[in-house]
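Everything on this sheet refers to the single structure shown next.
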Amino acid sequence: MGKRWRTVKNCCWTLILIAVLLKNCNGNCPEKELERREEEANVVLTGTVEEIMNMDPVHNTYSCKVRVWRYLKGKEVVTNDILVDGGNKVMICGFGEPKICDNQVSTGDTRIFFVNPAPEYMWPAHKNELMLNSSLMRITLRNLEEVESCVEGV
């Protein structure tokens, strides 16, 4: 019984150590300042994720169809080629990208998105899509006010 107990105890400590290491790896994601994130994004919009698609099993990335509620910046960048389903939705790729901290969504999530048109090297798979540029933000009054202040240059 004593030998078995030591084995179980060692396994438990090993699992705890692995969990702590994984948490620390994911918990130390360096996020840019909001002003810089806004400046680097050509388009800032609020929207709701309607559909998750184009899962890439190799890179663990995916695209989403997002219903746009409001453009905070760059509405003129979003051409008719980018708009889908009657003109109030866009495709956004880059979810799951390891270089972006908070980038996971579920259907029905409403967020503030910082995006750019997908670069040519991602074509044809992501032509006429927007690409996630930095972490998503939850929609709160404070977050909306902060993003609007950045866009207005205040």
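Quick note, the sequence shown lines up with residues -27 to -1, 1 to 127 if you use mature numbering (1 follows the signal peptide of the UniProt record, and there is no 0).
Positions of the beta carbon are idealized from the N, C-alpha and C atoms, including for glycine.
A quick note: this is a predicted structure, and the numbers were derived from the prediction, not measured.
Asked                                                                                                               : Found
Buried versus exposed, by CB contacts within 10 Å (16 or more), residue 99                                          : buried
Buried or exposed by the 16-neighbour rule on C-beta atoms within 10 Å, applied to residue 2                        : exposed
Nearest-angstrom Cβ-Cβ length linking residue 48 and residue 23, presumed shorter than 8 Å                          : Residue 48 to residue 23, Cβ: 19 Å. No contact.
Classification of residue 102 by the beta-carbon crowding that lies within 10 angstroms, buried from 16 upward      : buried
Rounded straight-line distance, which links the Cα of residue 45 to that of residue 110                             : 13 Å
Start-to-end residues for the beta strand (DSSP E) that takes in residue 27                                         : 16 to 29
Residue 109 (DSSP reduced to helix, strand or coil)                                                                 : coil
Sequence-distant residues of the same chain with beta carbon closer than 7 Å to residue 108, five excluded per side : 4, 73, 74, 75, 76
Residue closest to residue 38, alpha-carbon to alpha-carbon, out of 52, 56, 32                                      : 56
Straight-line gap, residue 8 to residue 27 (C-alpha atoms, nearest Å)                                               : 31 Å
heavy atom of the ligand ADP below 7 Å from residue 33 C-beta                                                       : Questions concerning the ligand ADP fall outside what the structure shown contains, since it holds no ligand whatsoever.
Endpoints, the alpha helix (DSSP H) within which residue 120 is located                                             : 114 to 125
Under the three-state DSSP convention, the category residue 59 falls into                                           : helix
Contact under 8 Å by Cβ, residue 90 with residue 124                                                                : no
Rounded straight-line distance, which links the Cα of residue 86 to that of residue 128                             : Residue coverage of the chain in this structure runs from -27 to 127, which leaves residue 128 outside it and unanswerable.
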